[in-house]
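First to last, the sequence lines map onto chains U and V.
When the letters of the first sequence are read in order and numbered with this note's numbering, they come out as residues 125 to 408.
When the letters of the second sequence are read in order and numbered with this note's numbering, they come out as residues 1493 to 1927.
Heads up, the beta-carbon is just placed ideally off N, CA and C, and yes, glycines get one too.
These numbers were taken from a predicted model, which means no experiment stands behind them.
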Amino acid sequence: MPILMIAPSVVLIAIFVYGFIGRTAYTSLTAWRGVVPDYTFVGLRNYERLFQTEKFQADIVNTIHFTVFFLAGCLVLGLGAAVLLDQKLRGSIIFQNIFMFPLAISFIVTGTVWRWIFNPNYGLNVLFHNLHLDFLQSGWLTSPGSALNSLTIAAVWQMSGFCMAMFLAGLRGIPEELREAARVDGASESQAFRYVVFPLLRPITLSAVIILGHISLKIFDLVFVMTFGGPGYATDMPGLNMFITTFRQDLFARGAAIATVLLLMVALLIVPYLIWNLRGETER
Amino acid sequence: MGNERWSRRQFVSRAGKTAGGVVLGLSFADFLAACGASQAPAAGGGKLEIFSWWTAGGEADGLAEMFKIYKKNYAGVEIVNATVAGGAGTNAKAVLKTRMEGGKPPDSFQVHAGQELISTWVKAGKMEPITSVWKSQGWDNTIPKDLKDIVSSSGDVWSVPVNVHRGNALWYNKKILDDNSITPPTTMDDFLSALGKLKAKVQAPLALGSSGNWQVQMLLENNILAAGGPDFYKQVFSGKASFTDANVKQALSWIKSMLNYVNSDHPTLGWDDADKRLISGTSAFNIMGDWAKGYFTAASWVPNKDFGAAPSPGTTGKYVIVCDTFGLPKGAPDRANAINWIKVCGSQEGQAAFNPKKGSIPARTDVSASIFDPIAQQFIAEFKTDALVPSSAHGSATPDAFASGVNDEMGQFVINKDVNKTASNLQKLSDEFLK
Chain U
125 MPILMIAPSV
135 VLIAIFVYGF
145 IGRTAYTSLT
155 AWRGVVPDYT
165 FVGLRNYERL
175 FQTEKFQADI
185 VNTIHFTVFF
195 LAGCLVLGLG
205 AAVLLDQKLR
215 GSIIFQNIFM
225 FPLAISFIVT
235 GTVWRWIFNP
245 NYGLNVLFHN
255 LHLDFLQSGW
265 LTSPGSALNS
275 LTIAAVWQMS
285 GFCMAMFLAG
295 LRGIPEELRE
305 AARVDGASES
315 QAFRYVVFPL
325 LRPITLSAVI
335 ILGHISLKIF
345 DLVFVMTFGG
355 PGYATDMPGL
365 NMFITTFRQD
375 LFARGAAIAT
385 VLLLMVALLI
395 VPYLIWNLRG
405 ETER
Chain V
1493 MGNERWSRRQ
1503 FVSRAGKTAG
1513 GVVLGLSFAD
1523 FLAACGASQA
1533 PAAGGGKLEI
1543 FSWWTAGGEA
1553 DGLAEMFKIY
1563 KKNYAGVEIV
1573 NATVAGGAGT
1583 NAKAVLKTRM
1593 EGGKPPDSFQ
1603 VHAGQELIST
1613 WVKAGKMEPI
1623 TSVWKSQGWD
1633 NTIPKDLKDI
1643 VSSSGDVWSV
1653 PVNVHRGNAL
1663 WYNKKILDDN
1673 SITPPTTMDD
1683 FLSALGKLKA
1693 KVQAPLALGS
1703 SGNWQVQMLL
1713 ENNILAAGGP
1723 DFYKQVFSGK
1733 ASFTDANVKQ
1743 ALSWIKSMLN
1753 YVNSDHPTLG
1763 WDDADKRLIS
1773 GTSAFNIMGD
1783 WAKGYFTAAS
1793 WVPNKDFGAA
1803 PSPGTTGKYV
1813 IVCDTFGLPK
1823 GAPDRANAIN
1833 WIKVCGSQEG
1843 QAAFNPKKGS
1853 IPARTDVSAS
1863 IFDPIAQQFI
1873 AEFKTDALVP
1883 SSAHGSATPD
1893 AFASGVNDEM
1903 GQFVINKDVN
1913 KTASNLQKLS
1923 DEFLK
């Protein structure tokens, strides 16, 4: 009976998730180019070509750069805000909500707004100029050196509230008695954090890394709106490259190859987590 | 700014330069298509489904004018206006691809003349030739041969051109030029010296919006035309001449020189943001297709009083065409109605009604110029005598795979300004996609 209960969803997932993944992987091994499908088998040629393109090489570097800084930014800001809010000072509920609001906005809106903010003619630069802080001015999205970091700032702005919410939930879940006990044992407040609170936040941190990590690897909408991958390849990402290759250039096989590489990258992040999770469950 | 970037499609219908949420568009329009595709009765009644991405502003008005003419001539046919908004045609093309793949073509669809038509659809065997319609309507006498050639392959004609946009146009703020006693430059040397003269006077003499990089590709193709002439242009964009040729390198070094005079925020600006700089007087020149005219007039600028137009430097007597056409897909559900639609598209009456609204000039040479603004009149006169070449940046001269790759290369070139490396990278693209 239990098998019958889950059978429909297993069948649907098998077809619509794993079936399509399989089809994409298969397509990436064919010569399909143009609107008429061509399933001539060409082995790994598409992958070879793909990794030879300057654009995709830039994509890989950009993704790693973006992911590292995006994760670091979100975790540090999120944890910092959560610790402060956890002090239960007056008004903390208001700030808690303010920090959470960006999460309710889609990346498209965030991207559009930040594109304005970074515009050299009427954005941050003007603000800095009026405040006589001209040394803070920068090319933001217009110069290849700073564009990716500017993009990261916008992404962190959007997602650090989410991190804060997770950490806050984690902090609230730690019984006050544990900290109390640490204090009784003579630990200072910072030692209590270092040796009691942070270790207990480890599972929450891992979940946050997994969730944010797969968002950042698959990032598309923010880049699409803010920079469209430019200047040059400075902010190009595999997701955007996949879209352009497939639907604009009609290179369906190569687009499928990018999709497969992207899947492998995300799998690299998710699979260890799943294994760790599974092991945890069996031990329990 | 986001909205302004999308609004380009009100002026030019070009796919592949900006894009939107294709996935949603696909499934929804597919669903609509499935609902709409009923069995077709004989001509004289039934339906006519016209697929385009003319959803807004002048182009939607122009399309409505042609529908009026169709209804007048073929009463009793119900016209289904299947437009797909967004992304200057990219969304529409993605929807079209799924419909064609799924065996549910519209009766007729908008497609750019040239490779977008020939290499995408004709070579895939998805189109029906309209050679007999072309002959019976006598279009050989009214539509230039250069234009017929780019909608033809293997002896057949595959679609009818409705309008012509010009890609190689130089726009200028008339007041700034007059104040500094500069005449509109015709050669590249004149142009560069005019820019040099203005450098101290205006913030950035040449306005550029390079978001998406296709605008830089337009500079490239205009400059190749200026350096090598129409024959070389056609050869290099069909893979018969090399991009490492001296003409291409000359074209690239001209872009490099121009980049000394452009606004530094260009990577984040769209073409219309660049034209805004002309209006505000922070730039004097912009090189852009003639859809820029629509932007200027929408800002209440008067042609030949506030702004003027000339062929882009070095391309006098040459006309880069960006041309919308309508063709006949194989298996069109209302074939007879579709053929009548194609006749309306190619008719004098249809083109006279459509083009003033769209802001383009007619593909036919016998439409009275008096209904157009002075700049369009100037272009109509030049169109009749100029050498016509198809635009690569807008998918006519080359397949999308190539044009899109060139966009990337030009994005790199704007940063590294390396003429030789860019030329050899362009040749690699040519080897891959033009052979």
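- No Cβ-Cβ contact shorter than 8 Å links Leu1662 (chain V) with Pro1891 (chain V).
- In this chain, the alpha helix (DSSP H) harbouring Phe219 (chain U) covers 216–224.
- Contact check between the stretch 1740–1752 of chain V and the stretch 1701–1719 of chain V: three or more CB pairs, one atom from each, fall below 8 Å, which counts as touching.
- Residue ranges of uninterrupted beta strand (DSSP E) with 3 or more members, entirely inside the stretch 1784–1818 of chain V and ordered along the chain, are 1799–1803, 1810–1814.
- For Thr266 (chain U), the chain V residues whose C-beta falls within less than 7 Å of its own C-beta are Ser1756, Asp1757, Pro1759, Thr1760, listed in chain order.
- Leaving aside the five residues that flank Val1898 (chain V) on each side, the residues in its chain whose CB is nearer than 6 Å to its CB run, in chain order, Gln1709.
- By the 16-neighbour rule on beta-carbons within 10 angstroms, Tyr246 (chain U) is exposed.
- Of all residues in the stretch 169–181 of chain U, only Lys179 come within less than 7 Å of chain V when Cβ atoms are compared, listed by chain position.
- Look at the stretch 362–376 of chain U: the residues with a C-beta under 8 Å from a C-beta of chain V are Phe367, Ile368, Phe371, Arg372, Gln373, Asp374, Leu375.
- What Ile1610 (chain V) touches in chain U, judged by beta-carbon distance under 7 Å, is nothing: the nearest beta carbon there is about 12 Å away.
- Pairing Leu393 (chain U) with His338 (chain U) gives a Cβ-Cβ distance under 8 Å.
- For Asn1832 (chain V), not one C-beta of chain U is nearer than 8 Å to its own C-beta.
- Cβ-Cβ distances below 6 Å link Phe1559 (chain V) to Ile1571 in the same chain, with the five nearest sequence neighbours on each side left out; the list follows chain order.
- Here the stretch 1835–1854 of chain V does not lie against the stretch 1638–1645 of chain V, with fewer than 3 beta-carbon pairs under 8 Å apart.
- Annotation: Cβ neighbours of Ile1907 (chain V) in chain U (cutoff 7 Å, chain order): Pro268, Pro355, Gly356.
- Put simply, the CB of Pro299 (chain U) is far from chain V, with every gap to its CB atoms at 8 Å or more.
- Going by beta carbons, Met350 (chain U) and Leu272 (chain U) fall outside the 8 Å limit.
- Beta bridge pairing from DSSP links Glu1541 (chain V) with V:Val1572.
- Gln1602 (chain V) has V:Phe1818 as its beta-bridge partners, per DSSP.
- By the Cβ criterion, the stretch 1684–1695 of chain V is in contact with the stretch 1771–1787 of chain V, since at least three pairs of Cβ atoms, one from each stretch, lie closer than 8 Å.
- Just so you know, the alpha carbons of Phe1905 (chain V) and Leu1921 (chain V) end up roughly 15 Å apart.
- A Cβ of chain U is located within less than 8 Å of the beta carbon of Ala1616 (chain V).
- Residue pairing by DSSP places Asn1665 (chain V) opposite V:Phe1799 in a beta bridge.
- Ranked by Cα distance from Ala1738 (chain V), the first of V:Ala1719, V:Lys1732, V:Gly1731 is V:Ala1719.
- By alpha-carbon distance to Ser340 (chain U), the top candidate from U:Ile145, U:Ala293, U:Cys198, U:Gly146 is U:Cys198.
- Under the DSSP assignment, Val1859 (chain V) falls outside any alpha helix (DSSP H); it carries neither an H nor an E label.
- Closest in alpha carbon position to Ser1644 (chain V), among V:Arg1658, V:Thr1634, V:Tyr1664, V:Glu1620, is V:Glu1620.
- Rounded to whole angstroms, the gap between the alpha carbons of Lys1741 (chain V) and Asp1723 (chain V) is 17 Å.
- The three-state secondary structure of Pro1882 (chain V), taken from DSSP, is strand.
- Identification of chain U residues near Met1592 (chain V) by a Cβ-Cβ cut-off of 8 Å yields Val159, ordered along the chain.
- Straight-line spacing of the CA atoms in Ala1824 (chain V) and Lys1909 (chain V) works out to 48 Å.
- Between Ser152 (chain U) and Ala377 (chain U), the C-beta spacing is below 8 Å.
- Contact between Ile382 (chain U) and Met366 (chain U) holds: their C-beta atoms lie close to 4 Å from each other, under 8 Å.
- Note on geometry: alpha-carbon atoms of Asn1752 (chain V) and Leu1684 (chain V) lie some 10 Å from one another.
- The residues Gly1823, in chain order, have a CB closer than 8 Å to that of Gly1595 (chain V) in the same chain once the five nearest residues on each side in sequence are set aside.
- Comparing C-alpha distances from Trp281 (chain U) to each of U:Glu178, U:Leu386, U:Ala205 shows the shortest one belongs to U:Ala205.
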